[in-house]
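Peer 1: Heads up, the sequence shown is in the numbering used here, so the first residue is 1 and it goes up one at a time.
Note that beta-carbon positions come from the ideal geometry of N, C-alpha and C, so glycine has one too.
Note that the structure is a prediction, hence the values are computed from the model and not measured.
After the structure tokens below, expect a handful of questions from me.
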Amino acid sequence: MQNSELYRRGIVVPLTEASQMALKNNVVERGLEVEFCELPSEEIFLGLWDKGLFETINAQLGSMLDDYEEEIIENKKVPMLRTILKKFEKSSEIDFIERKIVLEIIRLCDVAIKLNRSLFFIL
Numbered sequence: 001m002q003n004s005e006l007y008r009r010g011i012v013v014p015l016t017e018a019s020q021m022a023l024k025n026n027v028v029e030r031g032l033e034v035e036f037c038e039l040p041s042e043e044i045f046l047g048l049w050d051k052g053l054f055e056t057i058n059a060q061l062g063s064m065l066d067d068y069e070e071e072i073i074e075n076k077k078v079p080m081l082r083t084i085l086k087k088f089e090k091s092s093e094i095d096f097i098e099r100k101i102v103l104e105i106i107r108l109c110d111v112a113i114k115l116n117r118s119l120f121f122i123l
């Protein structure tokens, strides 16, 4: 099974080295040890997209977050991602559900930082 089949429209932090390697190799099974934040609807994804979240992340991290793409934010860039998300959460006109999603991604950043892991955006 591929990442996009199991984690479509979500952000994943692997909790073990084995899980990280499986995600990097795009060969996963349901038994992986991960934490997962699902973007619960297309509407929420598009709302965050239209408000510039992914564009801001791409510009500042040199990433390529985009619709129907998978992107790895390497562990050394996760603290910068967390900073971007905190600024976005505080300064943007996002609704309650969008804010809740951003806060969950910030929590995943904290887990990734603690475990020295990458974040996988599977959009």
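#1: Mind checking who G52 pairs with in its DSSP beta bridge?
#2: Could you pull out every residue in the same chain whose Cβ sits closer than 6 Å to the Cβ of V12, ignoring the five residues on either side in sequence?
#3: Looking at C-alpha atoms only, which residue of D67, L81, E71 is the closest neighbour of N26?
#4: Between L23 and P14, what straight-line distance do the alpha-carbon atoms span, to the nearest angstrom?
#5: Taking the continuous beta strand (DSSP E) assigned at V12, which residues delimit it?
#6: Can you give the Cα-Cα distance for E136 and R99, rounded to whole angstroms?
Peer 2: Straight from the coordinates:
#1: As a working mapping, residue 52 is identified with position 52 in the sequence shown. Beta-bridge pairing links G52 to no other residue.
#2: Position 12 of the sequence shown, counted from the start, is the residue given in the question as residue 12. Taken in chain order, the residues that qualify are V34, F36, F120.
#3: Locating residue 26 in the sequence shown gives position 26, where the first residue counts as 1. Closest option to N26, Cα to Cα, is E71.
#4: Counted from its first residue, the sequence shown places residue 23 at position 23. Counted from its first residue, the sequence shown places residue 14 at position 14. For L23 and P14, the distance between alpha carbons rounds to 8 Å.
#5: As a working note, residue 12 is residue 12 in the sequence shown. Note, V12: beta strand (DSSP E), 10-14.
#6: Outside the shown range of the chain, which is 1 to 123, sits residue 136, and nothing can be said about it.
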